[in-house]
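One structure is given here, and the rest of the page talks about it.
Here it is, written out as structure tokens:
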């Protein structure tokens, strides 16, 4: 129920993949688009795809998405609140994640530990996570436990147990995560904290969302109550139920259990927009724990849902995802600079579950004998091919096949986590969960010419930030020649 599982673990898998030999497949669990396959198949994936979607809104503004699927006798419940890292108040970095922890500490009718006991006692599982634009809580239980889980989530939404002891306890838990996952970890938050901080200008996109220790220490119970009152309301939430259940019966339960909760006040207006970047940025950090240098490059993405956005998803497949990707071929197989290249759109989730400025990222951990200039020369040459030379129809089809295969794999899992996540994201950000049945259309419209035009604008050097991880000598100084 924390960033450790959803962020650090996910990025850790990416870093581990980068440290593996080129012929070793990446670890499972990678959430970046189509990272699971390095296949070069050109077989088309069928686009005949329909998810059952029933969309409703209660009088208090709570959006409800129901998706029936009787193939497995379980139900997956997801409650998504439209608040994430970007919504944090200045001086309270890391607060969105801290508050996620507080929501697991009990509610009026379920004291601390009772919620987990309810889920585990029924043979289910539960967790939560914090992302750029939402915080979620989800459970998978046998179908006959669905009513009890809905009641528990309603109790948590209406009456969370916020007290000083719980705040102090969870503050220490989060502080420990910061030390374990960032401060005392080689490469730490290099690619998922430091790079966005260097690349973005708007504080809401550029602050340390895991939390500066001083900000975490300063968080008060009053802050927690204000945060809850502002963001944890039905009018800022989506409830998704997917799986084996009766639609009308379940909707009746939801109306009964959630309908009485006050809608909440209007959300505070937060400008998360980023100015156009015209000049290349460079930054570096020194890492006493790293044993090899590392390099990350972040390009600002096109707006989500535009034709260029879909083209960038295909470009991501062409350049980064899989052993057949162009950057892997050039940097790993031909030049031998590193044992792997990783990256993608939205490293803290996937290409669909965000709603604001985003980076397309390339990262690698390279041998010390090679310079940043060596790596960047090869990277630039490979990317310039995409910008100037037409991509073949066969390459576009292969990239599209990999992307769609990964999309279908995300949706079609026994836990239905991926399905619930997409339905909630499309409801929360687009007010249109049925978009899940049209998402493949955007990829089908991508052409070689659209790829070239998109690369010309969004893969230009002036649109990127380059971040180095430099090694420190035993005396703590930067090795000669790395200034």
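Numbering (this note's numbering), first residue to last: 1 to 483. The beta carbon of each residue, even a glycine, is placed where N, CA and C say it ideally should be. None of the values given here were measured: they were computed from a predicted structure.
Residue 179, buried or exposed, once every other Cβ within 10 Å from all chains shown has been counted against 16: Reading the chain shown from its first residue, position 179 is the one you call residue 179. That one is exposed.
DSSP-derived helix/strand/coil call for residue 10: For this step, residue 10 is matched to residue 10 along the chain shown. Reliability of the predicted coordinates at residue 10 is poor, the pLDDT of 39 falling under 50, and no value is obtained from them.
Contact set for residue 319: own chain, Cβ-Cβ below 8 Å, skip 5 residues either direction: Sequence index remark: in the chain shown, residue 319 carries index 319 (1-based). Taken in chain order, the residues that qualify are 325, 326, 327, 362, 382, 383, 386.
Residue 469 in three-state terms, based on DSSP: Position 469 of the chain shown holds residue 469. Strand at residue 469.
Pair within 9 Å by beta-carbon distance, residue 309 and residue 131: Indexing the chain shown from 1 puts residue 309 at position 309. Indexing the chain shown from 1 puts residue 131 at position 131. No; because the gap between Cβ atoms is not below 9 Å, this pair is not in contact.
Three CB pairs or more closer than 8 Å across the stretch 273-286 and the stretch 249-260: no
Test item: CB-CB of residue 374 and residue 335 under 9 Å: Here the question's residue 374 lines up with position 374 in the chain shown. Here the question's residue 335 lines up with position 335 in the chain shown. Going by C-beta atoms, residue 374 is nearer than 9 Å to residue 335.
C-beta atoms of residue 162 and residue 221 nearer than 9 Å: Position 162 of the chain shown, counted from the first residue, corresponds to residue 162. Position 221 of the chain shown, counted from the first residue, corresponds to residue 221. Yes, these two residues count as a Cβ contact at 9 Å.
The stretch 72-81 in contact with the stretch 240-248 per 3-pair CB rule at 8 Å: yes
Bounding residues of the alpha helix (DSSP H) (the contiguous stretch that carries residue 398): The residue labelled residue 398 in the question sits at position 398 within the chain shown. From DSSP, the alpha helix (DSSP H) with residue 398 extends over 393-411.
Residue interval of the beta strand (DSSP E) (run including residue 129): As a first step, residue 129 must be located in the chain shown, where it is residue number 129. 125-130 is the span of the beta strand (DSSP E), which, as asked, contains residue 129.
Cα-Cα separation, residue 411 to residue 136: Here residue 411 refers to the residue found at position 411 of the chain shown. Here residue 136 refers to the residue found at position 136 of the chain shown. Answer to the nearest angstrom: the Cα atoms are 17 Å apart.
Best match in 435, 294, 234 for proximity to residue 472 [C-alpha to C-alpha]: Numbered from its first residue, the chain shown carries residue 472 at position 472. Nearest of 435, 294, 234 to residue 472, Cα basis: 294.
Where residue 326 sits in the DSSP three-state scheme: Here residue 326 refers to the residue found at position 326 when the chain shown is read from its first residue. It is helical.
For residue 311: DSSP bridge partner residues: Along the chain shown, one-based indexing puts residue 311 at 311. Paired residues: none, contrary to the question.
Local Cβ density within 10 Å of residue 466, reported as buried at 16 or more and exposed below that: Locating residue 466 in the chain shown gives position 466, where the first residue counts as 1. Residue 466 should be labelled buried.
Contacts around residue 175, its chain only, beta-carbon distance under 7 Å, and the 5 residues preceding and following it disregarded: Against the chain shown, residue 175 aligns to sequence position 175. Result list for residue 175: 213, 216, in chain order.
Nearest-angstrom Cα separation, counted from residue 79 out to residue 153: Walking along the chain shown from the start, residue 153 turns up at place 153. Walking along the chain shown from the start, residue 79 turns up at place 79. When rounded, the distance between both Cα atoms is 8 Å.
Inter-stretch contact at 8 Å, needing at least 3 Cβ pairs: the stretch 51-68 / the stretch 431-443: yes
Residue 170 burial status per 10 Å Cβ neighbour count (16 or more: buried): Locating residue 170 in the chain shown gives position 170, where the first residue counts as 1. Buried, since its Cβ has 16 or more Cβ neighbours within 10 Å.
Presumed contact (8 Å Cβ cut-off) between residue 207 and residue 306, rounded CB distance: Taking the first residue of the chain shown as 1, we reach residue 207 at position 207. Taking the first residue of the chain shown as 1, we reach residue 306 at position 306. The pair is not a contact, with the Cβ atoms about 26 Å apart (cut-off 8 Å).
Which listed residue (249, 392, 370, 262) has its alpha carbon closest to that of residue 147: Along the chain shown, one-based indexing puts residue 147 at 147. Comparing Cα-Cα distances from residue 147 to each of 249, 392, 370, 262, the minimum goes to 249.
At least 3 beta-carbon pairs within less than 8 Å: the stretch 123-130 vs the stretch 187-202: no
Cα-Cα separation between residue 157 and residue 55, rounded to whole angstroms: Locating residue 157 in the chain shown gives position 157, counting from the first residue. Locating residue 55 in the chain shown gives position 55, counting from the first residue. About 20 Å.
Cβ neighbours of residue 225 in the same chain (closer than 7 Å, five flanking residues each side left out): Taking the chain shown and counting its residues from 1, one reaches residue 225 at position 225. Excluding positions up to five away in sequence, the list reads 162.
Per-residue DSSP class, three states only, for residue 344: The residue given as residue 344 occupies position 344 in the chain shown. Three-state result, residue 344: strand.
Three-way DSSP call (helix, strand, coil) for residue 102 in this model: By 1-based counting over the chain shown, the position of residue 102 is 102. Three-state result, residue 102: helix.
Three-state secondary structure (DSSP) of residue 382: If you number the chain shown from 1, residue 382 lands on position 382. The answer is helix: DSSP assigns residue 382 an H, G or I state.
Identity of the residue in 63, 388, 143, 60 nearest residue 448 by Cα: By one-based count along the chain shown, residue 448 stands at place 448. Ranking the options by Cα distance to residue 448, first place goes to 388.
Residue 209 (DSSP reduced to helix, strand or coil): Numbered from its first residue, the chain shown carries residue 209 at position 209. Coil at residue 209, not helix or strand.
Residue 458 in three-state terms, based on DSSP: Locating residue 458 in the chain shown gives position 458, counting from the first residue. Three-state DSSP puts residue 458 in a helix.
Range covered by the beta strand (DSSP E) that runs through residue 63: Reading the chain shown from its first residue, position 63 is the one you call residue 63. That run of the beta strand (DSSP E) goes 63-68.
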